[in-house]
Structure formats: structure tokens, C-alpha cells
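J.: Sharing a structure with you now.
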Amino acid sequence: MNTLKIAGKFLDQPILVEKFRKAMPAVLVAGAAVYSVHEINKAPEKHKKKAAIRTLSTMAFTVGSALAAPKITDKVFKKEMPKSIKELQNNASGLVSEFLTNNFVDKKTSAILEKAKTKILKY
């Protein structure tokens with residue numbers, strides 16, 4: 310079991326995830342096609358046309374919405390990325406300052422947060 314854990318740590322996760330993400334639409338469309346063919350073949354002879362229309366329209370809308378949903382949510386909820394490290398530092402320092410003014414913390418915690426704001430957040 311330990312060898313599996315060690316091997317898992319050294320796998321290049323971003324590359325695997327990216328390959329899986331690129332293959333997912335093809336897998337989804339293929340699965341929908343196989344399911345549609347199965348449902349149409351399973352239907353009685355006189356209801357095949359109705360089953361085909363119903364199944365294909367359902368699968369088309371389902372696959373289309375599944376493929377479009379990440380892009381739509383990305384556009385709706387996308388936050389603007391900081392343009393520079395300086396802007397990132399200012400945002401982080403502002404968050405620490407806001408936390409210290411709004412919350413009561415003891416001296417040690419305050420000192421740690423001030424150190425984080427002035428020294429650690431300096432890039």
C-alpha cells in the first residue's frame with residue numbers, strides 16, 4: 310500500500326487531469342450515442358420513431374448542457390485576476406488589515422498577522 314502512495318505522489322497530476330478533461334466530451338458523446346441506440350432498439354417496432362425522437366432530443370440537450378455548463382459558469386462567476394504581484398500583495402495586505410480591525414485577537418496572533426502582512430507577503 311505504501312508503494313502505491315509513493316507512486317501516486319510522483320504522478321504528474323495536472324497532465325493526467327488535462328488529458329482526462331480533453332477526453333471527457335468524446336466519452337460523453339459516445340456514451341449518449343450508445344445509450345440512444347440501445348433505447349431505440351429496445352423499443353417496440355411501432356414506437357421506434359417516437360422513442361428515437363424522445364431519446365435523441367433528451368441526449369442532445371443533456372450532452373449540450375453538460376458541455377456548455379462549465380463555460381457558462383466561468384463567464385458568469387469569473388472574478389478578475391490580479392494584474393500584477395504588487396496588486397496581489399496589496400489585496401492580501403488589505404485583507405489582513407481588515408481582519409485585524411474587525412476582529413479582536415490577542416497580541417501574539419496580531420504580531421504573527423502583522424509579520425505575515427509586512428514580511429511574508431513581500432514578493
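Counting in our numbering, the sequence shown runs from 310 upward without gaps.
Backbone N, C-alpha and C fix where the C-beta goes; we use that ideal spot for every residue, glycine too.
Considering only the beta carbon of each residue, do serine 345 and leucine 365 sit closer than 7 Å?
T.: Going by C-beta atoms, serine 345 is nearer than 7 Å to leucine 365.
J.: Strictly under 7 Å for the Cβ-Cβ distance: is valine 346 near chain C by that measure?
T.: The displayed structure is made up of one protein chain only, and chain C is not part of it.
J.: For aspartate 415, does the three-state DSSP call read helix, strand or coil?
T.: Aspartate 415 falls in the coil class under three-state DSSP.
J.: Do lysine 426 and serine 402 count as a contact pair if the criterion is CB distance below 7 Å?
T.: Their beta carbons are under 7 Å apart, which means serine 402 touches lysine 426 by this criterion.
J.: Are the CB atoms of valine 372 and alanine 341 nearer to each other than 7 Å?
T.: It is a contact, given that the beta carbons lie within the stated cut-off.
J.: Does lysine 387 come out as helix, strand or coil in the three-state DSSP assignment?
T.: Coil at lysine 387, not helix or strand.
J.: If alanine 360 and isoleucine 349 are in contact, beta carbons under 8 Å, what's the gap, nearest whole angstrom?
T.: Contact holds; Cβ gap of about 6 Å.
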